[in-house]
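A.B. asks: Residue numbers for the sequence shown follow this note's numbering, so the first one is 85 and each next one is one higher.
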Amino acid sequence: MTAQSKIKAEKKVEAPTGLDLLREPFPANQISKLPKPTKRQTDEVRADFKKGIRCKECGQWHHPQVVHLDYVGHAALTDRLLDCDPNWNWEPMAFSEAGTPLMDDNGGMWIKLTVCNQTRLGYGHPDGKRGGDAIKEVIGDALRNAAMRFGAALDLWHKGDLHAAEDEPEKEDPKSEHNGPSKDDIETATTSLSNADTLDRLRAIWSELPKPVQHVPAVIEAKDKRKAALERPQESVGEMIGDEIPY
Numbered sequence: 085m086t087a088q089s090k091i092k093a094e095k096k097v098e099a100p101t102g103l104d105l106l107r108e109p110f111p112a113n114q115i116s117k118l119p120k121p122t123k124r125q126t127d128e129v130r131a132d133f134k135k136g137i138r139c140k141e142c143g144q145w146h147h148p149q150v151v152h153l154d155y156v157g158h159a160a161l162t163d164r165l166l167d168c169d170p171n172w173n174w175e176p177m178a179f180s181e182a183g184t185p186l187m188d189d190n191g192g193m194w195i196k197l198t199v200c201n202q203t204r205l206g207y208g209h210p211d212g213k214r215g216g217d218a219i220k221e222v223i224g225d226a227l228r229n230a231a232m233r234f235g236a237a238l239d240l241w242h243k244g245d246l247h248a249a250e251d252e253p254e255k256e257d258p259k260s261e262h263n264g265p266s267k268d269d270i271e272t273a274t275t276s277l278s279n280a281d282t283l284d285r286l287r288a289i290w291s292e293l294p295k296p297v298q299h300v301p302a303v304i305e306a307k308d309k310r311k312a313a314l315e316r317p318q319e320s321v322g323e324m325i326g327d328e329i330p331y
């Protein structure tokens with residue numbers, strides 16, 4: 085072996101496998117956009133269809149100011165699981181008397197996901213869907229939730245971290261004193277935060293707000309107040325899962 089060949093061999097990095105592969109970021113072509121409208125935005129479009137737009141990002145019809153979350157779909161996640169472990173498997177935590185997976189009172193289901201002989205729990209819910217579509221949504225959502233416990237698509241979850249702006253010091257914008265947020269910007273932000281019906285939606289709204297708006301005391305207060313309300317213990321199991329990753 086020549087000296088040059090030896091250097092090339094030493095530089096060669098082995099591709100990740102198993103659980104390490106599951107934690108690898110997903111390529112852009114496997115990442116989709118999920119619209120997350122606030123209740124106010126949804127109500128506005130329902131009241132007047134013309135207030136919506138055909139979105140160029142996700143292809144759906146919704147309010148023009150809707151926040152989008154990056155997520156990995158069921159097919160892309162299944163493909164990654166097969167690459168990590170061809171023998172991966174999932175099973176419900178409990179079965180009904182009829183022998184089918186047991187759903188809770190909210191139509192959700194707890195599962196056990198096993199990859200490379202390691203098992204993690206996950207929870208899925210139908211997200212308002214009914215019938216056969218609801219069952220498929222529950223399974224896909226539960227798999228994505230359980231796969232997150234292995235580290236799958238954590239980079240997408242991190243982008244929606246509610247506390248990112250609080251944990252990391254922000255650089256001061258010298259123009260912020262002269263170009264502060266308008267009264268309408270502040271009112272819109274506080275209304276959107278106050279109307280968030282899940283922690284995921286609250287995180288998404290907060291992450292999309294301009295930095296000057298995030299520093300307004302009234303906006304911070306609205307976010308903290310809504311976060312505290314959503315973190316209160318709920319009767320349903322599904323509502324207690326506050327750290328579901330957007331897929």
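Backbone N, C-alpha and C define an ideal beta-carbon position, used for all residues, glycine too.
With burial defined as no fewer than 16 other Cβ atoms inside 10 Å of the residue's Cβ, what is the status of residue 210: buried or exposed?
C.D. replies: Taking the sequence shown and counting its residues from 1, one reaches residue 210 at position 126. By the Cβ-count criterion, residue 210 is buried, with 16 or more other Cβ atoms from all chains shown falling within 10 Å of its own Cβ.
A.B. asks: When you compare the CB positions of residue 215 and residue 169, do they come within less than 9 Å of one another, or not?
C.D. replies: Position 131 of the sequence shown, counting from 1, holds the residue named residue 215. Position 85 of the sequence shown, counting from 1, holds the residue named residue 169. Going by C-beta atoms, residue 215 is not nearer than 9 Å to residue 169.
A.B. asks: Could you check the C-alpha separation between residue 166 and residue 172 for me, to the nearest Å?
C.D. replies: Numbered from its first residue, the sequence shown carries residue 166 at position 82. Numbered from its first residue, the sequence shown carries residue 172 at position 88. Whole-angstrom Cα-Cα distance: 7 Å.
A.B. asks: In the structure shown, what three-state DSSP assignment does residue 173 receive?
C.D. replies: Position 89 of the sequence shown, counting from 1, holds the residue named residue 173. DSSP places residue 173 in strand when its eight states are reduced to three.
A.B. asks: Can you tell me where the beta strand (DSSP E) with residue 151 in it begins and where it stops?
C.D. replies: Numbered from 1 along the sequence shown, position 67 holds the residue referred to as residue 151. Residue 151 -> beta strand (DSSP E) spans 151–156.
A.B. asks: On the three-state DSSP scale, how would you describe residue 213?
C.D. replies: As a working note, residue 213 is residue 129 in the sequence shown. In this structure, residue 213 counts as coil in the three-state DSSP scheme.
A.B. asks: Residue 203 bridges to which residues according to DSSP?
C.D. replies: Here residue 203 refers to the residue found at position 119 of the sequence shown. In DSSP, residue 203 forms a bridge with 198.
A.B. asks: With distances taken between CB atoms, is the gap from residue 204 to residue 233 smaller than 9 Å?
C.D. replies: The residue given as residue 204 occupies position 120 in the sequence shown. The residue given as residue 233 occupies position 149 in the sequence shown. A contact, by the Cβ cut-off of 9 Å.
A.B. asks: Count the other CB atoms within 10 Å of the CB of residue 208; is the residue buried (16 or more) or exposed (fewer)?
C.D. replies: Position 124 of the sequence shown holds residue 208. Per the 10 Å Cβ criterion, buried.
A.B. asks: Can you find the residues in the same chain that come closer than 8 Å, C-beta to C-beta, to residue 286, ignoring five residues on each side of it along the sequence?
C.D. replies: Within the sequence shown, numbered from 1, the residue matching residue 286 stands at position 202. So the qualifying residues of the chain are 246, 277, 280, 307, 310, 311, 314.
A.B. asks: Does the stretch 217–228 touch the stretch 184–193, meaning 3 or more C-beta pairs lie closer than 8 Å?
C.D. replies: yes
A.B. asks: Out of curiosity, what's the CA-to-CA distance linking residue 229 and residue 240?
C.D. replies: One-based indexing of the sequence shown puts residue 229 at position 145. One-based indexing of the sequence shown puts residue 240 at position 156. For residue 229 and residue 240, the distance between alpha carbons rounds to 13 Å.
A.B. asks: With distance defined between alpha-carbon atoms, name the residue in 159, 108, 147 nearest to residue 126.
C.D. replies: Looking up residue 126 in the sequence shown gives position 42. For the residues 159, 108, 147, the minimum Cα distance to residue 126 belongs to 147.
A.B. asks: Determine, using beta carbons only, whether residue 122 and residue 274 come nearer to each other than 9 Å.
C.D. replies: Taking the sequence shown and counting its residues from 1, the one referred to as residue 122 is at position 38. Taking the sequence shown and counting its residues from 1, the one referred to as residue 274 is at position 190. No, they are not a contact pair.
A.B. asks: In angstroms with no decimal places, state the Cα-to-Cα distance between residue 140 and residue 181.
C.D. replies: Walking along the sequence shown from the start, residue 140 turns up at place 56. Walking along the sequence shown from the start, residue 181 turns up at place 97. Here the alpha carbon of residue 140 sits roughly 46 Å from the alpha carbon of residue 181.
A.B. asks: At which residues does the beta strand (DSSP E) containing residue 119 begin and terminate?
C.D. replies: Along the sequence shown, read from residue 1 onward, the residue named residue 119 stands at position 35. Per DSSP, the continuous beta strand (DSSP E) segment holding residue 119 begins and ends at 115–120.
A.B. asks: Give the range of the alpha helix (DSSP H) segment to which residue 301 is assigned.
C.D. replies: Position 217 of the sequence shown, counted from the first residue, corresponds to residue 301. Run containing residue 301: 301–314, per the alpha helix (DSSP H) assignment.
A.B. asks: For residue 234, which residues does DSSP report across the bridge?
C.D. replies: Translated into the one-based positions of the sequence shown, residue 234 becomes position 150. According to DSSP, residue 234 bridges with nothing at all.
A.B. asks: Taking the straight line between their C-alpha atoms, what separation do you get for residue 107 and residue 302?
C.D. replies: Looking up residue 107 in the sequence shown gives position 23. Looking up residue 302 in the sequence shown gives position 218. The straight-line gap from Cα to Cα measures roughly 38 Å.
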